[in-house]
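Chains as they are written, first to last, in our numbering: chain Z, 517 to 644; chain X, 517 to 644. Using N, Cα and C, we set each Cβ at its ideal position, and we do this for glycine too. These numbers come from a predicted model, not from an experiment.
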DNA sequence: TTGCATTTACGAATTAATTCGTAGATTTGA
DNA sequence: TCAAATCTACGAATTAATTCGTAAATGCAA
């Protein structure tokens, strides 16, 4: 495996904003965070600075007001977290994770439809 | 929501052992952990004592050598962690999580088979 | 019995995450 | 221009997780 990335919940919150908005300033990230909870501006700043050190983020320092973006893709983190979860609480069984997820969400017909379509797609590919 | 449980990785390691072995002593848990990594006995003990405080574990103190077991089910933790993950990195979409998981594991034919069977089961139930 | 081994409880050191205040640089606008 | 506002950097306090040493109690075996 390449590098093991393990963002904290606070870091994930920031990554989500950056994935959604693209390159933005600390100010913009901070205002987004404040919609959900109390937070000091320098707290957000510090978090993002540490994330730079950890290589979770990149930034453009051309202007005084730096512009930040994620250094990793959402899919990369999703894959890693799913893998860790399968190892940690699903005894290494991916199907158990999928079944647990399906069990929790089969109420949602639209979600189920998407999954079924996707499964059929895989089916078709495998037959070729 | 009832209580928000968030075991650390160390705690999850212990929970896994207890889920697998049932009620056991610190010694037994510790020996299991040592198969995977260096660890001091009192470190394991302390972790388990703290998990008692957090209500993650229960213990029988009848004999001097206490016997521990998990206070929560594997399924309960699985459900909570999946939920948190969907909220944190899947934009609230369960189907995205399932698809990502399927994408990573469709190589494994046996796992895929289990999932397909399970999906068909849900199908059948939903039609009734 | 008596001493060795095991177990628990406890406290302290270490490390990492989180939070925020302050200082200094820079920009802005009245 | 120059004062207020904004931004970065930095350090320090706080909190939680992790690790382990030591002491006291208990059990066991010769």
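Hey, out of the options, whose CA is closest to residue i's CA?
| i | options | result |
| --- | --- | --- |
| residue 535 of chain Z | Z/555, Z/626, Z/592, Z/630 | Z/592 |
| residue 568 of chain Z | Z/557, Z/586, Z/578 | Z/586 |
| residue 553 of chain Z | Z/610, Z/571, Z/529 | Z/529 |
| residue 540 of chain X | X/627, X/573, X/640, X/602 | X/573 |
| residue 523 of chain Z | X/628, X/638, X/634, X/604 | X/604 |
| residue 633 of chain Z | X/590, X/571, X/614, X/606 | X/614 |
| residue 583 of chain Z | Z/543, Z/640, Z/635, Z/597 | Z/543 |
| residue 503 of chain X | Z/560, Z/589, Z/628, Z/557 | Absent from the structure is residue 503 of chain X, since the part of chain X shown begins at 517 and ends at 644. |
| residue 532 of chain Z | X/602, X/521, X/588 | X/602 |
| residue 559 of chain X | X/545, X/570, X/571 | X/545 |
| residue 611 of chain Z | X/555, X/631, X/538, X/607 | X/631 |
| residue 538 of chain Z | Z/575, Z/521, Z/570, Z/641 | Z/575 |
| residue 548 of chain Z | Z/565, Z/526, Z/589 | Z/526 |
| residue 589 of chain Z | X/606, X/590, X/600, X/598 | X/606 |
| residue 625 of chain X | Z/556, Z/609, Z/598 | Z/609 |
| task | Counting only runs of 3+ residues fully inside the region 574-605 of chain Z, write out the beta strand (DSSP E) ranges in chain order. | result | Scanning the region 574-605 of chain Z from its first residue to its last, the whole beta strand (DSSP E) runs of 3-plus residues come out as 583-586.
| field | Whole alpha helix (DSSP H) elements within the region 539-572 of chain Z, 4-residue minimum | value | Fully contained in the region 539-572 of chain Z are the following alpha helix (DSSP H) runs of length 4 or more, in chain order: 542-550, 557-569.
| message | With a threshold of 8 Å, are at least 3 pairs of Cβ atoms found where one atom belongs to the region 577-584 of chain X and the other to the region 620-630 of chain X? | response | They do not touch, by the three-pair rule.
| message | Closer than 8 Å between beta carbons: that is the criterion. Which residues of the region 548-582 of chain X meet it against chain Z? | response | Answer in chain order: no residues at all.
| Which residues, in order along the region 588-602 of chain X, keep a beta-carbon less than 9 Å from a beta-carbon of chain Z? | Taking 9 Å as the Cβ-Cβ cut-off, the region 588-602 of chain X approaches chain Z at 590, 591, 593, 594, 595, 597, 598, 599, 600, 601, 602, given in chain order.
| task | Report the residues of the region 610-621 of chain Z with a CB closer than 7 Å to any CB of chain X, ordered along the chain. | result | Going along the region 610-621 of chain Z in chain order, one finds 610, 611, 613, 614, 615, 616, 617, 618, 620, 621 with a Cβ nearer than 7 Å to chain X.
| message | Closer than 9 Å between beta carbons: that is the criterion. Which residues of the region 621-641 of chain X meet it against chain Z? | response | Correct list: 621, 622, 624, 625, 626, 627, 628, 629, 630, 631, 632, 634, 635, 638, 639, 641.
| Hey, which unbroken runs of the alpha helix (DSSP H) at 4 residues or more fall wholly within the region 605-638 of chain X? | 610-621, all fully within the region 605-638 of chain X.
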